[in-house]
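Following: one structure in structure tokens, then a few remarks.
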Amino acid sequence: MAALSRRSFLRRSVAAGAVGAGILYGLTGRAEAAGSGTVPMGSVIDLTRCDGCKGEAVPACVAACRTKNADRFPEPVQPILDYWPQKKHEDWSQQRDVITRLTPYNWTYVETVTVEVDGVAQEVSVPRRCMHCENPTCMSLCPFSAIEQHASGMVEIHQSACMGGAKCRDVCPWGIPQRQAGVGPYLDIAPQYLGGGAMFKCDGCVDLLEAGETPACAAACPRGAITFGPREEMRALARRRAEEIGGYIYGETENGGTSTFYVSKIPFELIDAAIRKRKAEESDTRPGRPGMPVGVGNMLDTPTGLALSMLIAPVAGVAAAVAGAARVMKKGDDA
Ligand code: SF4
Ligand code: SF4
Ligand code: SF4
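Using this note's numbering, you'd call the opening residue of the sequence shown number 106 and step up by one each time.
Okay, structure coming up:
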């Protein structure tokens with residue numbers, strides 16, 4: 106779909122996309138707000154509602170996300186080469202069933218930890234995925250311009266332009282994007298000397314949002330713990346809910362502001378500490394199980410981040426052009 110028609114389509118459809126949240130929380134005025142133009146979307150993840158789908162083999166949100174995105178999961182070309190000049194590569198293709206962390210085959214997961222609050226142990230389940238930042242570090246610092254922020258605010262990686270250098274993961278405060286080697290345009294350019302695969306993450310079900318539908322994880326949740334709607338309404342909803350329960354919000358200021366607002370009765374500092382403790386006990390140092398560092402800043406607001414983004418911008422244009430030309434040549438060879 107061309108960019109312009111896509112935007113027009115979005116304008117017509119976001120109003121309908123908000124309906125699910127309205128039913129759950131009795132929100133009003135959404136159609137008017139959404140109908141006035143392109144509206145950035147957002148979500149609330151209410152940890153007082155989520156029970157981690159206890160008793161189920163796979164949480165409903167995770168199962169729904171996997172089903173919805175199954176035909177976009179990577180199929181690596183064998184043999185998978187190491188990243189030149191390193192002697193390693195990341196391959197999740199033999200572990201596609203892993204649901205306990207983010208992987209290229211699992212774009213959302215639920216971290217359940219025990220937190221001690223005022224001497225009482227409490228279990229909390231936290232669904233995790235991309236936060237869809239307002240000013241996405243991953244996008245600004247991608248050297249290949251492979252990441253797009255849609256008018257709906259959802260942030261999507263285009264694997265057709267991604268070289269898998271994992272810069273996006275390095276600069277994301279939560280290390281969200283995950284890498285699979287043996288896929289992507291680097292295979293058509295110089296697979297022995299360039300690239301490392303492609304990166305994968307939640308795209309906010311932008312196709313569904315633009316079609317006026319509810320993202321798969323939210324639609325599947327039996328407890329109404331995930332709600333999508335216009336971002337400012339979601340912010341207001343999160344604030345209201347936090348006030349009602351005397352609780353806290355995460356995602357409103359982190360990384361300079363995101364489109365995902367977690368609400369919890371338990372302070373996020375304690376949740377973050379519990380996640381880190383559990384990972385340390387399990388000696389789990391691999392990416393894919395993000396903590397919840399409160400108040401984490403946006404690298405683009407620092408002089409280093411700003412300088413990096415300015416350096417990367419011209420390189421990104423050239424790299425994207427080279428990758429595009431290689432894909433066109435490959436198509437010609439294949440024809
Ligand atoms: S968000 Fe909903 S579907 Fe996902 S684990 Fe929590 S209760 Fe289950
Ligand atoms: S959470 Fe990370 S991957 Fe997602 S938009 Fe923000 S910086 Fe990018
Ligand atoms: S919004 Fe879509 S892609 Fe993202 S976690 Fe939910 S189902 Fe998966």
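Every residue gets a Cβ at the ideal spot worked out from N, C-alpha and C, and that includes glycine.
Asked: Distance cut 7 Å, beta-carbon to ligand 3 heavy atom: residue list by chain order; Found: Cys166, Ala169, Cys170, Lys173, Asn174, Trp212, Thr213, Arg234, Cys235, Cys307, Asp308, Gly309, Cys310, Pro320, Ala321, Cys322 and Ala323
Asked: Cβ shell of Gln183 (< 8 Å), same chain only, five flanking positions each side left out; Found: Gly287
Asked: Where Cys307 falls: helix, strand or coil (DSSP); Found: coil
Asked: Opposing strand residues paired with Asp151 [DSSP bridges]; Found: Val368
Asked: Opening and closing residue of the alpha helix (DSSP H) in which Tyr210 lies; Found: It is not in any alpha helix (DSSP H) - Tyr210 carries neither H nor E in the DSSP assignment.
Asked: Beta-carbon proximity of Gln254 to Pro209, cut-off 8 Å; Found: no
Asked: Sufficient close CB pairs (3 or more, under 8 Å) joining the stretch 175-189 to the stretch 148-163; Found: no
Asked: Closest Cα partner of Ala256 within the set Gly356, Pro335 and Met415; Found: Pro335
Asked: Per-residue DSSP class, three states only, for Ala343; Found: helix
Asked: Alpha-carbon spacing of Glu348 relative to Thr407, whole angstroms; Found: 32 Å
Asked: Cβ-heavy atom distance, Arg346 to ligand 1, below 7 Å; Found: no
Asked: Endpoints, alpha helix (DSSP H) assigned at Glu386; Found: Phe373 to Glu386
Asked: Nearest-angstrom Cβ-Cβ length linking Gly157 and Thr217, presumed shorter than 8 Å; Found: 5 Å
Asked: Segment contact, 8 Å Cβ cut-off, at least three pairs: the stretch 264-272 with the stretch 157-173; Found: no
Asked: Closest by C-alpha distance to Pro320, when choosing among Glu161, Ser198 and Thr213; Found: Thr213
Asked: Stretch-stretch touch, CB-based, cutoff 8 Å, three pairs: the stretch 389-398 with the stretch 337-347; Found: no
Asked: Gly443 versus Ser245: straight-line alpha-carbon distance, rounded; Found: Summary: the structure shown does not reach residue 443, with the chain confined to residues 106 through 440, and so no result is reported for it.
Asked: Spatial distance of Cys273 from Val260 (CA atoms); Found: 12 Å
Asked: Simplified DSSP assignment, three categories, for Val222; Found: strand
Asked: Residue span of the alpha helix (DSSP H) that contains Val167, given as start and end; Found: Ala165 to Asn174
Asked: Rounded C-alpha distance that separates Leu314 from Thr143; Found: 12 Å
Asked: Val220 vs Pro232 beta-carbon contact at 8 Å; Found: no
Asked: CA-to-CA distance, His237 to Leu292, given in whole angstroms; Found: 29 Å
Asked: Residue burial classification, Lys306 (beta-carbon count within 10 angstroms, cutoff 16); Found: buried
Asked: Where Tyr188 sits in the DSSP three-state scheme; Found: coil
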